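Trainee: In the order they appear, the protein sequences are chains A and B. Numbering-wise (this note's numbering), the first sequence opens with residue 996 and increments by one. Numbering-wise (this note's numbering), the second sequence opens with residue 996 and increments by one. Glycine included, C-beta positions come from ideal geometry on N, C-alpha and C. None of these values were measured; they are calculated from a predicted model. I'd like to ask you about the structure that follows.
2 protein chains.
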Amino acid sequence: MTDNSYNTYKPEWVPLDGGGEAFASQIMTGVDDLDTAKGSQSKAAPAAKLSLADYVDGILAGNRMILARAITIVESNAPKHFALSQELVQRLLPYSGNSVRVGITGVPGAGKSTFIEALGCYLCRQGKKVAVLAVDPSSSLSKGSILGDKTRMENLAKEANAFIRPSPSGGTLGGVTRKSRETILLCEAAGYDTVLLETVGVGQSETTVRSMVDFFLVLVITGAGDDLQGIKKGIIELADAILVNKADGDNQQKALVTKADYNQILHYLRPATEGWTTKAYSCSSLTGEGIEDIWQVILNFIEIMQENGQLQSKRQQQTLSWVKQVAEEHIRNIIKQNPRVQDRMLQLEQQLLAGSIPATLATQNLITIIEEELKK
Amino acid sequence: MTDNSYNTYKPEWVPLDGGGEAFASQIMTGVDDLDTAKGSQSKAAPAAKLSLADYVDGILAGNRMILARAITIVESNAPKHFALSQELVQRLLPYSGNSVRVGITGVPGAGKSTFIEALGCYLCRQGKKVAVLAVDPSSSLSKGSILGDKTRMENLAKEANAFIRPSPSGGTLGGVTRKSRETILLCEAAGYDTVLLETVGVGQSETTVRSMVDFFLVLVITGAGDDLQGIKKGIIELADAILVNKADGDNQQKALVTKADYNQILHYLRPATEGWTTKAYSCSSLTGEGIEDIWQVILNFIEIMQENGQLQSKRQQQTLSWVKQVAEEHIRNIIKQNPRVQDRMLQLEQQLLAGSIPATLATQNLITIIEEELKK
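So, in structure tokens, the structure goes:
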């Protein structure tokens, strides 16, 4: 897991004495020495310990270094950082919510990084402040998360108005989701008006990202033959737009055909967002063609959803359902990890597979055990 | 809810003195006088009270009247019938499992009844014994369940080898699912080698039926224009086959175009069953064309799944996941119905909507209350 790429790449803040351990994408057991960790981009002065007020003021002033340190606290698994992170989020809540939140996914090879770089640079040129975050529940430096490949997004990393942050790691889906949700809030409080949330598309990650954003964009590429390669099956129904990337050079004609194919399919599927028609578009991250167009599509979506009130209610529903979901997941984990429940479940499984017990009796039996154990 | 259509239609068993109350599709509060209810198709002799052994022997001998009464006990919400039904299922388990279980859905107007009648009659002519069941979580006679329309399936109802049963009703999805699952087992023990499980396609009913069958068939019709009307969106990915019904007369050419359209879409979607390619077919329930063909498709599917062992493992997984799901649903209901949890949730919702509390703190707060209440 030791990888020194972050020393040559440009992360916002590096804890010099802590090694790589303070980075979210490497934290597995928690950071305990974070507040005393020295570090700055200049590698000269040790970072002073910051108070809650320092964090709040620094973030509201748009201080990137302080924002980065605050995110590290939010992402930390150490219990002592949890209270601080929650106070911080509470204080910054009133200043959050003022961004366009866009989720971006696509299979490896779809060109997510080059697209995000092209879109991010375009937005920075328009005077936007762009935060690029990543969600990857299976995160590790070797699996292609943003920081993993130091050559990615070099141009965007140089923009003063761009803030790039790798995946948080840590345990349950609920854990990763909490960190990403709160990181979005911190970035918004720091003045970022556009949040691009990338996911590498492993497991449930698209659904997770979908539940945190206003607009969900699925990047695809043209297939080898007449088949629509380059899309993870089942993802198409989550999309607010499908974007055929790499529509340039010899590939341009094929990309347009692919776009038409997707449009035909989308015609028959339930759109991801009520009142919006999901369509396919094309772009080239290389030439920049289509980048402005897709941004206009997103702005158009946001405008419609703001006017009919759906944007606010969607965000509220996202928060509410997240709270319920995490609470349920917590209870489910307690049940799943209970040794007596586990034993009985194994036993019942064998009986069910052998056909020696009816399913209803097995269910009653399981419920009884669970209720007894929950009462302990 | 009072509807006398079952007096003119041909149900298997009518409790004369109990009014309509003993019918599953009307039971909401439970039947307490079932075992003493008089009734027979001849309206003459009172039905004797049956012992467990009577039920077991009667069902294994293929006695339709006893099967129908046993299903009524399985479907009853009365606590005193529950123990008997579970003993019955336990005794009959070793004799169950020997059928091809086919789920059939389609929007109203897709011609489900005429198709089931055409397929059922065809199978009876082949010497098969066919049970037709329905799953409709929102069941009531007025909503188009099998028994509701007395003119439906008249021919099939006359077949000695066909057994038709309306929807069970009763509370939770878990409740309806249990009744339908156990009704399938009883029919199999009574010698029915083909079970056709119809759903009217309300709410989650397709997913429910999907979780109980080997093969899931989605009936569609040709649209009015160039659009693929006649399919509930999101259902297409559950299908093992899509069947364009009403491919007859003036409609035939259009049906073939619709079939081709579906095939093109299916080409790009994840198939519902691994190792099987979902395709579109056409048939006419009127002329009978294509009925034999679709049955051959189903048999081919079953053969492949039997050979590679997927059929057995799928059924086992269906049972296991049902047990876990119902246990979880039970715990979730306990939590949801707890007054203190309800109050706190309402309070937290208001705070979250007002933005006065961070989601993570709300979650912790909710979890604490839930844990306290579960321990009581």
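Taking the straight line between their C-alpha atoms, what separation do you get for Ile1068/A and His1076/B?
Mentor: Near 58 Å, if we compare the C-alpha coordinates of His1076/B and Ile1068/A.
Trainee: Where does Ile1159/B sit, in a helix, a strand or coil, going by DSSP?
Mentor: In this structure, Ile1159/B counts as strand in the three-state DSSP scheme.
Trainee: Tell me which residues share the same chain as Lys1274/A and place their Cβ nearer than 7 Å to its Cβ, disregarding the 5 neighbours each side in the sequence.
Mentor: Same-chain partners within the cutoff: Ala1236, Asn1258 and Leu1261.
Trainee: Can you find at least 3 beta carbon pairs, one from the region 1078-1093 of chain B and one from the region 1111-1124 of chain B, that sit closer than 8 Å?
Mentor: Judged by Cβ distances under 8 Å, the region 1078-1093 of chain B makes no contact with the region 1111-1124 of chain B, as fewer than three pairs qualify.
Trainee: Where does Thr1282/A land, buried or exposed, given buried means 16+ other C-beta within 10 angstroms?
Mentor: Exposed.
Trainee: For a contact defined as C-beta to C-beta under 7 Å, what are the partners of His1325/B on chain A?
Mentor: Those within 7 Å of His1325/B in chain A are Ile1362.
Trainee: Between which residues of its own chain and Leu1062/B is the CB-CB distance below 8 Å, once the five residues before and five after are set aside?
Mentor: Result list for Leu1062/B: Glu1007, Gly1053, Ile1054, Phe1158, Leu1181, Cys1182 and Ala1185, in chain order.
Trainee: In the DSSP assignment, find the alpha helix (DSSP H) that holds Gly1270/B and state where it starts and stops.
Mentor: Gly1270/B -> no alpha helix (DSSP H), and no H or E assigned at all.
Trainee: List the residues of chain B that Pro1089/A touches, going by C-beta distances under 8 Å, in chain order.
Mentor: Going along chain B in sequence order, the residues near Pro1089/A (Cβ under 8 Å) are Gly1350.
Trainee: Kindly say whether Tyr1276/A, judged by its beta-carbon, lies nearer than 7 Å to any beta-carbon of chain B.
Mentor: It does not; no Cβ of chain B falls within 7 Å.
Trainee: Against chain A, with Cβ distances strictly below 7 Å, would Tyr1050/B count as a contact?
Mentor: Not one chain A Cβ lies under 7 Å of Tyr1050/B.
Trainee: For the region 1282-1302 of chain A and the region 1334-1341 of chain B, state whether three or more C-beta atom pairs, one from each stretch, are separated by less than 8 Å.
Mentor: The region 1282-1302 of chain A, when compared against the region 1334-1341 of chain B, does not touch it at the 8 Å Cβ threshold.
Trainee: Could you name the residues of the same chain whose beta carbon sits closer than 8 Å to that of Thr1194/A, not counting the 5 residues immediately before and after it, in chain order?
Mentor: If we look at Thr1194/A and ignore the five residues flanking it on each side, its Cβ neighbours are Gly1098, Ile1099, Thr1100, Ala1129, Val1130, Asp1131, Ser1200, Glu1201, Thr1203 and Val1204.
Trainee: Quick check: is the beta carbon of Val1084/B nearer than 7 Å to any beta carbon in chain A?
Mentor: Yes, because at least one Cβ of chain A sits closer than 7 Å to the Cβ of Val1084/B.
Trainee: Could you tell me the distance, in whole angstroms, from the CA atom of Thr1272/A to the CA atom of Ile1330/A?
Mentor: Cα to Cα, the separation comes out at about 41 Å.
Trainee: Please determine, among Leu1361/B, Ser1080/B, Asn1072/B and Glu1070/B, the residue with the shortest C-alpha to C-alpha distance to Leu1045/B.
Mentor: Out of Leu1361/B, Ser1080/B, Asn1072/B and Glu1070/B, Ser1080/B has the C-alpha closest to the C-alpha of Leu1045/B.
Trainee: Is it the case that the Cβ atoms of Val1252/A and Val1215/A are separated by a distance below 7 Å?
Mentor: Their beta carbons are not under 7 Å apart, which means Val1252/A does not touch Val1215/A by this criterion.
Trainee: Can you determine whether any heavy atom of the ligand MN sits closer than 6 Å to the C-beta of Ala1185/A, and answer yes or no?
Mentor: Annotation note on the ligand MN: not contained in the displayed structure, which lists no ligands.
Trainee: Kindly indicate which three-state DSSP category Ser1279/A falls into: helix, strand or coil?
Mentor: DSSP places Ser1279/A in coil when its eight states are reduced to three.
Trainee: Should Ala1267/B and Ala1234/B be called a contact, given that it needs their Cβ atoms to be closer than 7 Å?
Mentor: Yes, the Cβ-Cβ distance between Ala1267/B and Ala1234/B is below 7 Å.
Trainee: Would you mind reading off the limits of the alpha helix (DSSP H) that contains Gly1115/B?
Mentor: Run containing Gly1115/B: Lys1107 to Arg1120, per the alpha helix (DSSP H) assignment.
Trainee: Straight-line CA distance for Ile1230/A to Gln1359/A?
Mentor: Their Cα atoms are separated by approximately 36 Å.
Trainee: Can you tell which of Lys1153/B, Phe1210/B and Met1148/B has its C-alpha closest to the C-alpha of Gln1291/B?
Mentor: Among Lys1153/B, Phe1210/B and Met1148/B, the Cα nearest to that of Gln1291/B belongs to Phe1210/B.
Trainee: With distances taken from CA atoms, which of Lys1371/B, Ile1365/B, Ser1351/B and Ile1362/B is nearest Glu1082/A?
Mentor: When only C-alpha atoms are compared, the closest one is Ser1351/B.
Trainee: Does DSSP classify Ile1068/A as helix, strand or coil?
Mentor: Three-state result, Ile1068/A: helix.
Trainee: Under 7 Å between beta-carbons, which chain B residues line up against Trp1317/A? List them in chain order, please.
Mentor: By Cβ distance, chain B contributes Ala1354.
Trainee: Anything in chain A within Cβ reach of Leu1343/B, meaning under 9 Å, just list it in chain order.
Mentor: Within chain A, the residues near Leu1343/B are Leu1315 and Val1318.
Trainee: Might you give, ordered along the chain, the residues of its own chain that have their beta carbon closer than 8 Å to the beta carbon of Thr1178/A, omitting 5 neighbours on each side?
Mentor: Ile1066, Val1069, Glu1070, Leu1128, Arg1160 and Pro1163, listed in sequence order.
Trainee: Between the alpha carbons of Ile1286/A and Glu1112/A, how many angstroms are there, rounded?
Mentor: Computed Cα separation, rounded: 11 Å.
Trainee: If the cut is a Cβ gap below 7 Å, which residues of chain A does Ile1237/B touch?
Mentor: Near Ile1237/B there are no residues of chain A at all, since even the closest Cβ is about 11 Å away, more than 7 Å.
Trainee: How about Ala1322/B and Ser1279/B: are their beta carbons less than 7 Å apart?
Mentor: No, the Cβ-Cβ distance between Ala1322/B and Ser1279/B is not below 7 Å.
Trainee: Taking 7 Å as the CB-CB limit, is Gly1025/B close to chain A?
Mentor: Note that Gly1025/B scores 40 on pLDDT, short of 50, meaning its location in the model is unreliable; the coordinates nonetheless yield the value given after this. No, its Cβ sits nowhere closer than 7 Å to a Cβ of chain A.
Trainee: So with CB distances below 8 Å, who are the chain A contacts of Lys1370/B?
Mentor: Within 8 Å Cβ-Cβ: Leu1369, Lys1370 and Lys1371.
Trainee: Have a look at Val1213/B and Tyr1276/B and give me their C-alpha separation to the nearest angstrom.
Mentor: Cα to Cα, the separation comes out at about 10 Å.
Trainee: So what does Ile1237/A bridge to, in DSSP terms?
Mentor: Beta-bridge pairing links Ile1237/A to Val1213/A and Ala1275/A.
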